[in-house]
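Accompanying notes for the structure given below.
There are 2 protein chains.
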Amino acid sequence: MLKNYSAEDKVLLAVDCIIFGFDNEDLKILLIKRDFEPEKGKWSLIGGFLKKNETLDNAATRILHRLTGVHNIYMEQFYAYSEVDRDPVERTISVSYYALINIENHNEELSEHFNAKWFSLSKAPKLIFDHNEMLEKAIRRLQRKARIKPIGFELLPEKFTMLQLQKLYEAILNKKIDKRNFINKINSLDILIKLDEKDMTSSTKGSFLYKFDQEKYDDKLMSDFYIKL
Amino acid sequence: MLKNYSAEDKVLLAVDCIIFGFDNEDLKILLIKRDFEPEKGKWSLIGGFLKKNETLDNAATRILHRLTGVHNIYMEQFYAYSEVDRDPVERTISVSYYALINIENHNEELSEHFNAKWFSLSKAPKLIFDHNEMLEKAIRRLQRKARIKPIGFELLPEKFTMLQLQKLYEAILNKKIDKRNFINKINSLDILIKLDEKDMTSSTKGSFLYKFDQEKYDDKLMSDFYIKL
DNA sequence: TTTACAAATGTAATTATTACACTTATAATT
DNA sequence: AATTATAAGTGTAATAATTACATTTGTAAA
């Protein structure tokens with residue numbers, strides 16, 4: 001029979017999640033105010049410990065659902081943090097994920113229950129432990145990923161206007177983009193469906209609504225896809 | 001005093017390393033033939049367990065040094081694998097790293113001692129556990145990283161010819177590149193020093209040697225750097 | 001002196017990116 | 001019915017980047 005690895009050290013494994021949302025203006029992150037020690041009262045990413053019989057993805061999914069009430073959240077693992085003293089209570093390695101959620105879908109009552117609050121990236125507070133470092137890396141990953149895959153659509157309602165999409169890219173990339181160039185670029189990718197409907201809330205003229213065409217995207221072999229903006 | 005997290009499950013944390021090298025022809029990886037159960041006699045990435053008082057980077061450095069004898073190896077953490085049954089002996093989460101080493105520098109005796117062997121990517125054998133999955137992800141990361149940062153130089157001797165550099169990029173990106181376009185592109189980046197020396201082994205005419213100009217690279221703010229090839 | 005061999009070099013055509021301003025459609029107001 | 005106010009929608013010329021492609025050069029060996 002196989003021996004086990006009993007001579008080796010075991011550690012606690014945590015999962016921490018950077019939850020990105022978008023409110024048509026700014027890119028935001030969902031943070032919680034800790035109500036337990038250590039660092040009680042400080043702002044923190046949401047996290048939890050990996051359990052015996054779940055994968056890291058399972059754990060992240062569980063944690064994300066518990067805080068937001070949303071299922072099928074787009075998420076991506078991005079880095080493992082392992083400084084020996086990163087958690088003052090006990091040695092804990094943290095595997096971090098970023099997640100994108102449509103800010104309209106999340107359950108506000110749940111957020112309130114956890115003392116959670118959306119912060120604009122530019123106004124994010126100082127976080128506990130190494131969470132600011134995680135946040136910065138998550139932003140860089142998101143920026144890069146957004147040029148390689150059309151993940152941004154996760155942050156928008158199903159139907160959206162070109163202006164919404166542009167504002168989202170501006171928020172992610174943190175730069176102003178020319179309207180005509182943006183529209184031409186997006187249209188040339190040929191992955192949106194233009195609907196007959198218009199959004200009439202923003203102007204008298206109304207602006208056409210679009211949705212993401214997953215099939216068209218899947219059909220194209222978009223491994224070389226790079227959105228230069 | 002702070003309580004600990006005693007109610008939570010602890011796990012074994014391993015580090016597995018994909019070691020890339022280059023022999024002026026092919027991109028290679030260093031694998032070891034396991035001489036212990038389970039999967040004795042099968043090919044495997046090199047790995048080890050995280051110890052109590054070291055970071056994951058420490059562990060990867062330790063493991064890489066033990067196998068190759070090389071210090072200051074370029075390495076990058078890239079993903080944590082956590083399927084519950086990925087290791088049949090006992091639940092183990094593995095954090096994977098890829099490393100780039102100049103194939104000439106590594107200690108062959110050590111490699112022999114560990115039953116290690118270089119394999120061309122195209123001829124890599126089936127590996128244990130989820131190691132093939134790790135390898136594939138490592139290759140994709142390397143390909144992407146090589147376009148964003150001039151990491152390729154880690155795989156070459158200090159002085160190298162343009163043809164060597166081109167062959168390296170061809171091996172990493174797995175595609176043929178036009179010689180004139182490649183040279184023009186690299187020269188336009190302006191991060192190489194052309195030496196007066198020539199390598200005379202490859203032709204009667206000889207070909208100029210270059211070295212990477214770390215200072216020039218650091219001086220440029222190369223965050224938008226993208227090598228399209 | 002000739003030969004053989006890889007190194008070195010430039011340009012024109014195509015494609016992608018950028019910068020930039022006016023017209024259109026509609027609801028609300030007069 | 002006409003006017004106004006507001007954001008949506010649209011195109012082009014200039015510039016920059018990428019691609020495709022063939023000949024000349026320098027040296028050692030024959």
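First to last, the sequence lines map onto chains B and R. Residues in the first sequence are numbered consecutively from 1, following full-length UniProt numbering. Residues in the second sequence are numbered consecutively from 1, following full-length UniProt numbering. Where is the CB? At the ideal position from N, CA and C, for every residue including glycine.
Cβ-based burial, residue i [other Cβ within 10 Å; buried from 16]
i, result
"GLN214 (chain R)", "exposed"
"ALA7 (chain B)", "exposed"
"LYS167 (chain R)", "buried"
"PHE36 (chain B)", "exposed"
"GLN143 (chain R)", "exposed"
"residue 266 (chain R)", "Not covered by the structure: residue 266 (chain R). The range shown for chain R is 1 to 229."
"HIS71 (chain R)", "exposed"
Check whether residue i and residue j have beta carbons under 8 Å apart
i, j, result
"VAL11 (chain B)", "ALA59 (chain B)", "no"
"CYS17 (chain B)", "GLY47 (chain B)", "yes"
"PHE22 (chain B)", "LEU173 (chain B)", "no"
"LYS194 (chain R)", "PHE208 (chain R)", "yes"
"ILE93 (chain R)", "ARG34 (chain R)", "no"
"TYR226 (chain B)", "ARG147 (chain B)", "yes"
"LEU56 (chain R)", "SER82 (chain B)", "yes"
"LEU67 (chain B)", "PHE114 (chain B)", "yes"
"VAL84 (chain B)", "ASN4 (chain R)", "no"
"ILE186 (chain B)", "PHE212 (chain B)", "no"
"ASP9 (chain R)", "PHE49 (chain B)", "yes"
"LEU165 (chain R)", "LEU13 (chain B)", "no"
Alpha-carbon to alpha-carbon, residue j and residue i
i, j, result
"LEU27 (chain R)", "ALA124 (chain R)", "11 Å"
"ILE151 (chain B)", "ARG86 (chain R)", "29 Å"
"ARG62 (chain B)", "SER111 (chain R)", "43 Å"
"SER122 (chain B)", "LEU135 (chain B)", "12 Å"
"ASN24 (chain R)", "ASN105 (chain R)", "14 Å"
"MET200 (chain R)", "THR161 (chain R)", "11 Å"
"ILE32 (chain R)", "ARG140 (chain R)", "22 Å"
"ASN158 (chain B)", "ALA138 (chain B)", "Checking the displayed sequence, the identity of residue 158 (chain B) turns out to be Glu instead of Asn. Taking the straight line from one Cα to the other gives about 24 Å."
"ALA116 (chain B)", "LEU30 (chain B)", "6 Å"
"GLU170 (chain B)", "PRO38 (chain B)", "37 Å"
"LEU206 (chain B)", "LYS126 (chain B)", "First, the amino acid is wrong: residue 206 (chain B) is Gly here, not Leu. So the alpha carbons of these two residues sit roughly 41 Å apart."
"TRP43 (chain B)", "LYS220 (chain B)", "42 Å"
"LYS51 (chain R)", "ARG91 (chain B)", "11 Å"
"GLU197 (chain B)", "LYS228 (chain B)", "29 Å"
"ILE177 (chain R)", "TYR210 (chain R)", "19 Å"
"ILE19 (chain B)", "GLU109 (chain R)", "49 Å"
"GLY69 (chain R)", "PHE119 (chain R)", "19 Å"
"residue 266 (chain R)", "ALA80 (chain B)", "Since the displayed chain R opens at 1 and closes at 229, residue 266 (chain R) lies outside it and no answer follows."
"ASN184 (chain R)", "SER203 (chain B)", "50 Å"
First and last residue of the uninterrupted beta strand (DSSP E) at residue i
i, result
"SER96 (chain B)", "92-100"
"LEU12 (chain R)", "10-22"
"TYR79 (chain B)", "74-81"
"ILE193 (chain B)", "192-199"
"LYS28 (chain R)", "27-33"
"LYS211 (chain B)", "207-212"
"ILE46 (chain B)", "46-49"
Range of the contiguous alpha helix (DSSP H) that encloses residue i
i, result
"residue 233 (chain R)", "Absent from the model: residue 233 (chain R). The displayed extent of chain R is 1 to 229, so no value can be given."
"LYS137 (chain B)", "131-148"
"LYS117 (chain B)", "No alpha helix (DSSP H) contains LYS117 (chain B), which is instead part of the beta strand (DSSP E) from 116-120."
"ILE172 (chain B)", "162-173"
"SER202 (chain R)", "It is not in any alpha helix (DSSP H) - SER202 (chain R) carries neither H nor E in the DSSP assignment."
"ALA60 (chain R)", "56-68"
"SER111 (chain B)", "108-113"
### Query
Within the chosen definition, does the segment 100-115 of chain R reach the segment 69-84 of chain R through at least 3 CB pairs nearer than 8 Å?
yes
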